[in-house]
Structures are given as structure tokens and as C-alpha cells.
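Engineer:
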Amino acid sequence: LGLSPSTVRRWGRTFPASVLPRHDRPPLSASPEEYGNRFSFQPNIPGVDPGSAVEPGPRGDITTDLEAPHPSPPGPEAAHHPAISSWEDTVSEPLTPRPEPRELAFVLHSHLPWVLGHGTWPHGEEWLAEAVVHCYLPLISVFLKLQAEGLRNLLTFSITPVLAAQLADPRTRRLVDRYLEQRITASHAAISDQPLAAWWTANFDSLRSTWLKIGKDIIGVLGSLAADGVIELATCAATHAYLPLTHTEAMIQLQLRTAIDLHERLFGAPPRGAWLPECAYRPGGPWRHPVTGARETFRPGLEHYLQEHGITWTVVDTHLVLGGEPQVSSGGDLPPHDLNIVEGSVAEPVWIGASSVAAFVREPRSALQVWSRDHGYPGDSRYLDFHKRHWPSGLRLWRVTHPRADLADKEPYDPRAAAEAVATHADHFVGLVSHLAGLDHGVAVCPFDTELFGHWWFEGPQWLERVLRLAAAHPLLSPTSAGRRLRRRPPEVRLALPEGSWGEGGDHRVWINPDTEFMWHQLGSSEFAVQEACRRPASITLKRAILNQLMILAASDWPFLVTTGAARDYAEKRFGEHRDRLQQLLAAPVRTRRLPAWAEADLAFPDLNPHWWSSD
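Start counting the sequence shown at 7; every next residue gets the next number (the working numbering).
Take a look at the structure:
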């Protein structure tokens with residue numbers, strides 16, 4: 007969070023875009039007479055007359071860009087539509103005239119670095135509050151609504167342990183309470199001269215009602231939804247460390263053991279699926295760190311560690327299975343002819359090598375409809391603009407308008423028009439996936455950062471709700487979770503995957519480059535210092551604090567934020583702060599049993615077992 011949408015490239019290559027339906031033509035999906043009317047979409051716009059757009063007040067009073075005071079996460083930028091293309095345009099996606107049944111598997115990846123106690127605004131705890139209020143609560147509301155309608159096996163919800171730990175922390179409940187109160191107060195104060203402020207007030211009141219309804223317990227309600235089969239929960243490396251480039255195997259083991267333990271503690275069952283941070287994968291073989299030069303004669307592939315901890319599936323980007331542009335083996339000594347030799351299909355998961363871990367593969371054509379800045383749904387002119395905010399309320403009152411529109415040229419947001427766009431885009435997406443060639447009896451895997459839905463793309467949760475409803479009623483398409491698909495239809499193919507990620511270029515360049523090299527040198531020396539320290543006798547209290555600091559230091563967020571430049575100062579400050587704190591702890595007396603206050607506050611994983619750090 008806290009990034010400009012223009013900084014992120016989660017999609018490293020270009021695919022042709024599908025044609026979006028025009029307003030006055032039927033969607034590609036089945037007609038309303040076939041199934042759509044059973045779930046007619048009636049937008050709920052509290053406090054707004056459905057027949058009228060709500061305009062902000064005089065431009066001179068309110069045209070203010072609060073992007074700096076309210077930094078937000080990366081997401082799709084405005085696309086080149088004043089709406090959407092016509093059917094007369096050339097369809098570039100291969101569609102099949104006689105499709106067979108197939109499944110749709112959303113995998114939402116939820117992550118924030120450790121921010122509790124590390125600043126509020128413009129970077130820090132406000133990221134967490136915004137994610138809860140604008141993303142997690144709207145999605146939970148959708149899940150609860152669909153659960154009440156009897157729908158199950160909707161999708162997979164991956165949550166990093168470091169985020170789960172923060173959501174379970176009492177400090178977060180107080181943080182969200184304050185944030186909601188501030189937002190409601192600000193929107194109330196703006197009602198007198200901003201008609202749309204009444205709509206925002208109703209929106210925040212509804213979110214607060216959801217917050218109270220679930221007992222301010224996001225972890226508890228997610229666990230309940232999973233236990234009832236509504237969603238599947240998955241985990242990730244504990245602090246989102248970039249696993250292909252950790253300097254020690256012990257770090258990989260610590261990240262995964264901590265993840266499995268916390269997941270079971272919070273949700274009552276061990277996870278079976280795990281999201282690899284940044285979808286970054288490395289096969290087994292000789293290993294050399296591209297920055298520090300640290301070497302190992304042989305390091306197992308990441309599937310080895312997943313299997314060891316009971317994980318049965320993960321997600322990889324398309325190019326690891328289909329090949330594509332050449333990848334750089336930044337983390338190893340694999341010869342060039344060993345790269346991109348695989349040729350598989352995105353319609354089914356594959357077993358990774360000889361392991362019992364399956365890799366689900368991102369379906370690129372459907373994912374592009376959501377991620378692409380040029381062709382994705384979130385860039386539609388009718389959706390709520392991400393950047394422009396009213397001062398002093400901080401409310402967003404304008405729509406995207408045009409991808410290149412200056413802030414002063416943004417037009418008023420119309421909730422009803424946005425609701426119509428949601429319906430159109432959801433219908434189109436379901437129609438697209440149900441007719442894509444090559445997916446017969448397969449599964450379209452759609453992995454996204456969870457924060458896209460509601461935070462970057464305000465209308466995203468409503469779009470997802472309609473897509474899931476339509477898919478559940480569709481004669482050819484049905485929603486599923488990754489784990490359920492794997493249990494019902496195990497892979498028939500084994501592939502040796504190459505090294506890569508879902509970052510720009512498909513390799514490690516977003517995390518390793520001249521701007522971040524200093525981090526990898528310092529992280530490497532820190533890992534080796536901890537390795538030595540853990541071989542010596544010391545109090546469990548001290549070792550636990552040391553390992554917590556090391557894991558926060560190893561988060562992939564810090565080099566990512568430096569590379570994108572969106573929150574570079576904050577990332578460098580946080581990295582240096584945790585490096586220095588780790589050095590202080592390493593220099594502490596081995597019998598230390600009373601930690602400094604800052605070390606206590608940074609115990610993201612207070613139950614961590616120091617024996618999980620193993621260099622064997």
C-alpha cells in the first residue's frame with residue numbers, strides 16, 4: 007500500500023485484449039433469459055436519487071489532489087475507453103463456438119508489511135486501516151452475503167502471516183475504530199456543500215456496521231467462512247521474504263514453519279496452499295546469490311520446502327509454464343539452455359518436478375481484463391477516480407473520466423453509472439471465461455492482489471460479487487477454490503519449471519538492481535550473523551526477538567518500494583531501522599530476558615520457536 011498506480015508492473019508482458027461489449031449491445035455471456043434475471047443486479051446507492059448524478063460543489067473550493075497526504079497502493083491506471091469497444095472491432099482472443107464446462111478459480115493474495123508502531127501517515131499504520139476499511143470489510147460483506155444465499159467454494163483467500171498477525175493484534179482494532187470515526191466525521195462535515203458526501207457517509211456507516219457485526223474480528227470471520235466451505239484459506243512466507251534469494255536455507259525454513267504454525271493457531275487447521283511471495287520460484291540446482299556471490303553446491307527447489315511443510319499447491323505466472331521471453335536466472339548458475347524449455351497449458355495445474363506440490367498457472371487472457379492499464383475494467387471512465395480528493399474531507403468525488411485527464415478536468419462521480427459499469431464488466435468477464443478456447447474441462451486461475459478489490463478499484467468487490475453469482479448459475483462455468491480443484495482433478499503432467507517471478511520482466515529485476523544492492527549485502531551479512539548466534543546458547547526470549555527482527559528485515563516490500571520509488575524514503579528508513587535493531591539484539595548479553603520496548607512491540611510472532619531456525 008501507499009504506492010502510486012503508475013509504479014507497479016505485476017504483469018510483465020503484453021497479451022492482446024478481448025473486446026469489451028458496448029453499452030447498447032448484449033454481453034458475451036448467456037442472455038438474461040437464460041440465467042441472468044435470476045440474479046438481477048439492483049445497485050444500492052444510499053442517499054442518492056437513482057435517476058441523477060451527484061456533482062461536487064464549486065471547483066475552486068475543492069479541486070485538491072490529496073495523493074500525497076493519502077498515499078495508496080498500486081493498481082491499474084485508467085484505460086483507453088470512454089466506455090468500451092464495439093462488437094465490430096476485431097476479437098483478438100481465441101473463442102470457441104462450442105465450449106465445454108470449465109471452472110473459475112480466483113486466488114486473492116492479501117499482504118501488508120509489518121507497520122504497527124512504525125508511523126501513521128503518510129506511510130505506516132494508515133495503510134493497514136485503509137486496507138481493512140476499503141478492501142477487507144467490503145469483501146467480507148460479499149462473502150457473508152453469498153454464504154447466506156447458499157453459495158460455497160467461491161475462491162481462495164491467501165493471507166500472509168505478517169498481515170494475519172496484525173489483524174489479530176488489539177492495536178489494529180483501535181486503529182480501525184479511529185479511522186472509521188474520522189472518515190464518518192469528515193463526510194458528515196462535507197454534506198452541506200458536497201451532495202455526494204451523504205453517499206459516502208452511508209457507505210462508511212455500512213462499513214462500520216459490518217465491522218461491528220463481525221465483532222471487529224477479521225481473522226475470526228475468515229476462519230468461520232473457511233470452516234463453512236465458503237472460501238479456502240492459504241498462507242505465504244511469514245514476512246513475504248523473497249525466497250529464491252535468501253542467503254540461507256534456514257531463512258526459508260523459518261519463514262515457512264512460522265507461517266504454518268500461525269495459520270493453524272489462528273484458523274484451527276494447517277494450510278494446504280501457499281502463495282510464494284511475488285510468485286517467485288526457483289528450481290533445485292547450484293545456487294549463487296547474484297549480488298553477494300554467496301554460493302551453495304546444491305539448493306533444493308522451493309517445492310521441496312513446500313512439500314516438507316505439508317503444502318500441496320502454489321501459484322506461478324504464465325511464462326513459467328508456457329515459456330515466453332527469455333528469463334534471467336538471477337539466483338543460480340543454471341545454464342541458458344535449461345531456461346524456458348517447458349511447454350505446458352494454463353488450463354490445468356502441473357506437478358512441479360518430482361514433488362507432490364502442484365502449480366496453478368495464471369490464465370493470462372482473463373487476468374489481463376482486470377490488471378491491464380490499457381484494457382482493464384478498472385480504467386473505465388465511470389469508475390471512482392483513485393487520485394483526486396476533496397479538501398479537507400479527503401473524500402473522492404470524481405470519476406476516472408479519461409486516462410490522461412488532468413485532475414482539474416475530472417468529472418463528477420455518478421454511483422449509478424459506476425454500478426452499470428460493474429454489471430457490464432462482470433457479464434463480459436463471465437462470458438469471456440466461459441467461451442475462451444483451450445479451457446474445456448479446465449480451470450481459469452485468476453490470481454490478484456486482494457487490495458485491488460475495493461482499495462485501488464473501489465467497485466471491485468461489487469464486480470467480484472456479480473461475477474461469482476453469475477458463474478455459480480452458469481451452465482458452463484462454476485467457481486472453485488484451488489484446493490478443491492486439486493482434490494477433484496489432480497494434475498496429469500509433471501514439469502520442471504524455470505526460475506522466475508510475476509514481476510516486471512518475469513525475473514528478479516524489481517527486487518535486485520543497483521538501487522537495492524545495498525539491502526542484499528546487509529541482509530546477507532545479517533542472515534549469517536544470526537546463523538552464528540543461533541548456534542550459541544542464549545535465552546529463548548532473546549533468540550525469539552532476534553528472529554522476529556530478521557524476518558521483518560527480510561520482507562520483499564523494502565526493495566520493491568525502493569525500486570518503484572513510491573515510498574523509497576520510508577522503505578530505506580524501515581530497512582535501516584530493523585537492521586540496527588537486529589545488531590543491538592545480537593550484541594545483547596546472551597542471558598537477556600527483558601527486552602527493550604521496541605523489541606516487544608516488534609514481536610510479530612511472539613510464539614515463534616527458535617528451533618525453527620535450522621541450518622541443517
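Note that CB positions come from ideal geometry on N, CA and C, so glycine has one too.
Treat the numbers as computed from the prediction; the structure is a model and nothing was measured.
Is there contact between the stretch 110-127 and the stretch 165-185, where contact requires at least three CB pairs shorter than 8 angstroms?
Structural biologist: yes
Engineer: Where does residue 418 sit, in a helix, a strand or coil, going by DSSP?
Structural biologist: By one-based count along the sequence shown, residue 418 stands at place 412. In the structure shown, residue 418 sits in a strand (DSSP, three-state: E or B).
Engineer: Any idea if residue 304 is buried or exposed, counting beta-carbon neighbours within 10 angstroms, 16 or more meaning buried?
Structural biologist: Mapped onto the sequence shown, residue 304 falls at position 298. By the neighbour-count rule (16 or more Cβ atoms within 10 Å), residue 304 is not buried but exposed.
Engineer: Determine the burial state of residue 469: buried for a count of at least 16 other Cβ atoms within 10 Å of its Cβ, exposed for fewer.
Structural biologist: The sequence position of residue 469 within the sequence shown is 463, counting from 1. Label assigned to residue 469: buried.
Engineer: Can you name the start and end residues of the alpha helix (DSSP H) that residue 177 belongs to?
Structural biologist: Within the sequence shown, numbered from 1, the residue matching residue 177 stands at position 171. Here the alpha helix (DSSP H) through residue 177 covers 176-196.
Engineer: Would you say residue 177 and residue 260 are within 8 angstroms of each other, going by their C-beta atoms?
Structural biologist: What you label residue 177 is simply residue 171 of the sequence shown in a count that begins at 1. What you label residue 260 is simply residue 254 of the sequence shown in a count that begins at 1. Result no, Cβ atoms of residue 177 and residue 260 do not sit closer than 8 angstroms.
Engineer: Per DSSP, residue 594 is paired with what?
Structural biologist: Numbered from 1 along the sequence shown, position 588 holds the residue referred to as residue 594. Partner(s): none; residue 594 has no beta bridge.
Engineer: Quick one: using the 10 Å Cβ neighbour count with 16 as the cut-off for buried, is residue 111 buried or exposed?
Structural biologist: For this step, residue 111 is matched to residue 105 along the sequence shown. Residue 111 is buried by the Cβ-count criterion.
Engineer: List the residues that DSSP assigns as beta-bridge partners of residue 561.
Structural biologist: Counting from one through the sequence shown, the residue named residue 561 turns up at place 555. The secondary-structure analysis by DSSP pairs residue 561 across a beta bridge with 247.
Engineer: For residue 323, which of helix, strand or coil comes out of DSSP?
Structural biologist: Here residue 323 corresponds to residue number 317 of the sequence shown, with the count starting at 1. The DSSP-derived three-state label of residue 323 is coil.
Engineer: Restricting to Cα atoms, I'd like to know which of 434, 501, 191 is closest to residue 325.
Structural biologist: Counting from 1 along the sequence shown, the entry for residue 325 is found at position 319. For residue 325, the nearest C-alpha among the options comes from 501.
Engineer: Mind reading off the beta-carbon distance from residue 517 to residue 545? Whole number of angstroms is fine, and I expect it under 8 angstroms.
Structural biologist: One-based indexing of the sequence shown puts residue 517 at position 511. One-based indexing of the sequence shown puts residue 545 at position 539. Going by Cβ atoms, the distance from residue 517 to residue 545 rounds to 34 angstroms, so no, they are not a contact pair.
Engineer: By Cβ distance, which residues of its chain are closer than 7 angstroms to residue 147, with the 5 residues on each side in sequence left out?
Structural biologist: The count along the sequence shown starts at 1 and reaches residue 147 at position 141. Spatial neighbours of residue 147 in its own chain (CB-CB distance under 7 angstroms, excluding positions within 5 residues in sequence) are listed in chain order as 216.
Engineer: Thinking residue 499 and residue 321 are a contact (beta carbons under 8 angstroms), I'd like their distance in whole angstroms, please.
Structural biologist: Residue 499 sits at position 493 when you count from the first residue of the sequence shown. Residue 321 sits at position 315 when you count from the first residue of the sequence shown. No, residue 499 and residue 321 are not in contact; Cβ-Cβ is about 16 angstroms, not under 8 angstroms.
Engineer: At what residues does the alpha helix (DSSP H) containing residue 258 begin and finish?
Structural biologist: What you label residue 258 is simply residue 252 of the sequence shown in a count that begins at 1. That run of the alpha helix (DSSP H) goes 255-273.
Engineer: For residue 64, collect the residues of the same chain with a Cβ closer than 6 angstroms to its Cβ; drop the 5 residues on either side in sequence, then sort them by chain order.
Structural biologist: For the purposes of this step, residue 64 is taken as residue 58 along the sequence shown, with counting starting at 1. With a pLDDT of only 36 at residue 64, under the threshold of 50, the placement of this residue in the model should not be trusted, and no figure is reported.
Engineer: Buried or exposed: where does residue 102 fall if 16 or more other Cβ atoms within 10 Å of its Cβ makes it buried?
Structural biologist: Numbered from its first residue, the sequence shown carries residue 102 at position 96. Exposed, because fewer than 16 other Cβ atoms sit within 10 Å of the Cβ of residue 102.
Engineer: My output table needs one value for residue 451: the three-state DSSP class, helix, strand or coil.
Structural biologist: Here the question's residue 451 lines up with position 445 in the sequence shown. Strand.
Engineer: Let me know the secondary structure DSSP gives residue 361 once reduced to three states.
Structural biologist: Here residue 361 is taken as the residue at index 355 of the sequence shown, counted from 1. Reduced to three states, the DSSP call for residue 361 is coil.
Engineer: Whole-angstrom Cβ separation of residue 710 and residue 548, contact assumed at under 8 angstroms?
Structural biologist: Residue coverage of the chain in this structure runs from 7 to 622, which leaves residue 710 outside it and unanswerable.
Engineer: What does a CB cutoff of less than 6 angstroms around residue 607 pick up in its chain, not counting 5 residues either side in sequence?
Structural biologist: For the purposes of this step, residue 607 is taken as residue 601 along the sequence shown, with counting starting at 1. Excluding residues within five positions, the ones whose Cβ falls inside 6 angstroms are 123.
Engineer: Across the stretch 409-421 and the stretch 444-460, are there enough close Cβ pairs to call them in contact, namely three or more that are closer than 8 angstroms?
Structural biologist: no
Engineer: Taking the alpha helix (DSSP H) that residue 241 belongs to, which residues open and close that run?
Structural biologist: Position 235 of the sequence shown, counted from the start, is the residue given in the question as residue 241. No alpha helix (DSSP H) holds residue 241; the beta strand (DSSP E) holding it covers 237-242.
Engineer: At what residues does the alpha helix (DSSP H) containing residue 545 begin and finish?
Structural biologist: Reading the sequence shown from its first residue, position 539 is the one you call residue 545. Per DSSP, residue 545 belongs to no alpha helix (DSSP H) and is neither H nor E.
Engineer: Could you tell me whether the stretch 194-211 touches the stretch 242-251, where touching means 3 or more Cβ pairs closer than 8 angstroms?
Structural biologist: The stretch 242-251 and the stretch 194-211 do not touch, with fewer than three beta-carbon pairs separated by less than 8 angstroms.
Engineer: Just confirm the distance between the C-beta atoms of residue 237 and residue 162, as a whole number of angstroms; I'd bet it's less than 8 angstroms.
Structural biologist: Position 231 of the sequence shown, counting from 1, holds the residue named residue 237. Position 156 of the sequence shown, counting from 1, holds the residue named residue 162. Between residue 162 and residue 237 the Cβ distance is about 7 angstroms, and since that is below 8 angstroms, they are a contact.
Engineer: With a threshold of 8 angstroms, are at least 3 pairs of Cβ atoms found where one atom belongs to the stretch 287-298 and the other to the stretch 189-196?
Structural biologist: no
Engineer: Taking DSSP as the reference, what is the three-state secondary structure of residue 613?
Structural biologist: In the sequence shown, residue 613 corresponds to position 607, counting from 1. Coil.
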